[in-house]
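**Student:** Here's a structure for you.
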Amino acid sequence: MRAGPSPDALHARIFIGTIAGREHRVSPAPNSYPKRGIMGKARVTGTTIEAIRAAEMALGRTLPCSFARWLLEHNGKALGALEVFPVFDARDPRKTWESIVRHFEGGWRAWQDNVCADPAGFSNLLPFAQFGTGDYYCFDYAVLGEAGEPVVVLWSHETGATSVVADGYAAFLASTDRPG
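The sequence shown begins at 1 in the UniProt record's numbering and counts up by one.
What follows is the structure, given as structure tokens:
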């Protein structure tokens, strides 16, 4: 009789995170391994659980489960004209250099430090995409949707105001009135 994988091996292949005290599990994407492309260079589709965990550590928060699942298969890809920030993946640094961590630590914090009277008022927001107008799509960790994940808001760079656009990332993906 053949034994199955050890619990440690299973844990290594399953991302486990918590949002608002609830445990979420994400299995790795089946196509997240390097493929050979033109000129023999490896093309990477998606990312790894380790890259997601590294981003979460740098951000100091767990990414929503539906967003993590999307990144496992689509890291570095856009949604039409909408630029979704990837997690940095050393297997393809060129495609993932402008990561969610880089945007958060660079542009987002710089705006708060230079323009915002009360940066703490935006501490619940994590920008994950931009349309090119200066506005960001953000996860609002202060408000959880029905799926137990942060709602998606559109943050205006002109006013600093937010408006809820989706109940979570999965609903955002399914939305027909999302730009891009």
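Note that the Cβ used here is the ideal one computed from N, Cα and C, for glycine as well.
Under three-state DSSP, which class holds residue 177?
**Tutor:** DSSP places residue 177 in coil when its eight states are reduced to three.
**Student:** To test your reading of the DSSP string, which unbroken beta strand (DSSP E) runs of 3 or more residues are found completely within the UniProt domain "Knr4/Smi1-like" (46-175)?
**Tutor:** Qualifying beta strand (DSSP E) stretches, in chain order: 125-130, 136-144, 150-155 and 162-166.
**Student:** I think residue 95 touches residue 76, with their Cβ atoms under 8 Å apart; what is that distance to the nearest whole Å?
**Tutor:** About 4 Å separates the two Cβ atoms, so the contact holds.
**Student:** Looking only at its own chain, which residues have a Cβ that is under 6 Å from the Cβ of residue 147, when we skip the five neighbours before and after it?
**Tutor:** Contacts found: 168.
**Student:** Measuring alpha carbon to alpha carbon, tell me which of 171, 58 and 134 ends up nearest residue 70.
**Tutor:** When each option's Cα is compared against that of residue 70, the closest is 171.
**Student:** Return the CA-CA distance between residue 52 and residue 173, expressed in angstroms with no decimal places.
**Tutor:** If I take the Cα positions, the gap works out to 19 Å.
**Student:** Measure the alpha-carbon distance for residue 128 versus residue 139 and round it to whole angstroms.
**Tutor:** The alpha-carbon atoms of residue 128 and residue 139 are separated by roughly 7 Å.
**Student:** In angstroms, rounded to a whole number, what distance separates the CA positions of residue 46 and residue 62?
**Tutor:** Going from the Cα of residue 46 to the Cα of residue 62 covers about 18 Å.
**Student:** So which of 159, 141 and 83 has the shortest CA-CA distance to residue 124?
**Tutor:** Per the Cα distances, 141.
**Student:** Have a look at residue 100 and residue 165 and give me their C-alpha separation to the nearest angstrom.
**Tutor:** Going from the Cα of residue 100 to the Cα of residue 165 covers about 20 Å.
**Student:** Taking 9 Å as the threshold (C-beta atoms), are residue 104 and residue 72 in contact?
**Tutor:** Going by C-beta atoms, residue 72 is not nearer than 9 Å to residue 104.
**Student:** Am I right that residue 156 and residue 135 are in contact with their C-beta atoms under 8 Å? What's the rounded C-beta distance?
**Tutor:** So it is a contact: roughly 5 Å between Cβ atoms.
**Student:** Whole angstroms are fine: how far does the CA of residue 78 sit from the CA of residue 32?
**Tutor:** Residue placement at residue 32 is poorly supported in this model, since its pLDDT is 49, which falls under 50; the coordinates still yield a value, given next. One C-alpha to the other measures close to 17 Å.
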